[in-house]
Amino acid sequence: MALKKFQPERPDFLINTDWGTPKEQLSTEDAKSRGMKLFHKRWVIKEEKKQLREEYSIYHSIRSIGYLLIVLSFVVFINIADILKGGILSSFFTILYGLVMLTGGIGLIKYRRFARNIAVFVFLSFLSLPFTPLFSDDKGAPFIIILGVIGLYYLLRRTARKIFAPLPDGQKISGSKSGFTD
Numbered sequence: 000m001a002l003k004k005f006q007p008e009r010p011d012f013l014i015n016t017d018w019g020t021p022k023e024q025l026s027t028e029d030a031k032s033r034g035m036k037l038f039h040k041r042w043v044i045k046e047e048k049k050q051l052r053e054e055y056s057i058y059h060s061i062r063s064i065g066y067l068l069i070v071l072s073f074v075v076f077i078n079i080a081d082i083l084k085g086g087i088l089s090s091f092f093t094i095l096y097g098l099v100m101l102t103g104g105i106g107l108i109k110y111r112r113f114a115r116n117i118a119v120f121v122f123l124s125f126l127s128l129p130f131t132p133l134f135s136d137d138k139g140a141p142f143i144i145i146l147g148v149i150g151l152y153y154l155l156r157r158t159a160r161k162i163f164a165p166l167p168d169g170q171k172i173s174g175s176k177s178g179f180t181d
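Numbering (numbering that gives the first Met the number 0), first residue to last: 0 to 181.
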């Protein structure tokens, strides 16, 4: 089982390339003499294995954060009856916040640059929400703060920042349906 290419248009990540040497193309003795190890049925050196694991975990973390934001936005929309009891202005902002979370979640799943900025804003707001009058006596406040810290941790890591950064000079996105790159 080979690792999935998450952004095939981003060859600046090892995981999005044809990394390593297929097991069939190199004998075990040759690979061992070169200091290579078998990883997902391909021969790689120690540094490549470490880089592949890091990239794989970051891609999955970002996608998991996207799904989390989608679930949280649905929680907001499911409780729409309670939200509408709070008044027009607070209902408007709560629904808008749910739409922002939904947009950020969908964008993160697709690894869109704008979505990272939205998600960082949402997770920063998770750090301050428990201290607002609306959530001041909510027993779930520590959970919201923990979600905010975890979300920021994964979105602000070096590899995650690189995933959402523009392509290095000289590289173009291949297979794009439009000329826009977010």
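Don't be surprised by glycine CBs; every beta carbon is placed ideally from N, CA and C. The structure displayed is predicted, hence computed values, not measured ones.
In the DSSP assignment, find the beta strand (DSSP E) that holds residue 146 and state where it starts and stops.
-> For residue 146, there is no enclosing beta strand (DSSP E); the enclosing alpha helix (DSSP H) has its first and last residue at 140–154.
Can you tell which of 33, 32, 47 and 42 has the C-alpha that lies nearest to the C-alpha of residue 24?
-> Sorting 33, 32, 47 and 42 by C-alpha distance to the C-alpha of residue 24 places 42 at the top.
State the Cα-Cα distance for the pair residue 10 and residue 61, rounded to the nearest angstrom.
-> The alpha-carbon atoms of residue 10 and residue 61 are separated by roughly 18 Å.
Taking 8 Å as the cut-off, decide whether the C-beta atoms of residue 71 and residue 119 are in contact.
-> Their beta carbons are not under 8 Å apart, which means residue 71 does not touch residue 119 by this criterion.
Could you give the C-beta distance for residue 14 and residue 37, rounded to a whole number, given that I count them as a contact under 8 Å?
-> In this structure residue 14 is not in contact with residue 37, their Cβ atoms being roughly 17 Å apart against a cut-off of 8 Å.
Paired residues, beta bridge with residue 18 - DSSP | Paired residues: none, contrary to the question.
By a C-beta neighbour count over all protein chains shown, 10 Å radius and 16 as the cutoff for buried, is residue 92 buried or exposed?
-> If you draw a 10 Å sphere on the C-beta of residue 92, you find fewer than 16 other C-beta atoms in it, and that means exposed.
Given a cut-off of 8 Å, decide if residue 149 and residue 129 are closer than it, judged by their beta-carbon atoms.
-> Not closer than 8 Å, so no.
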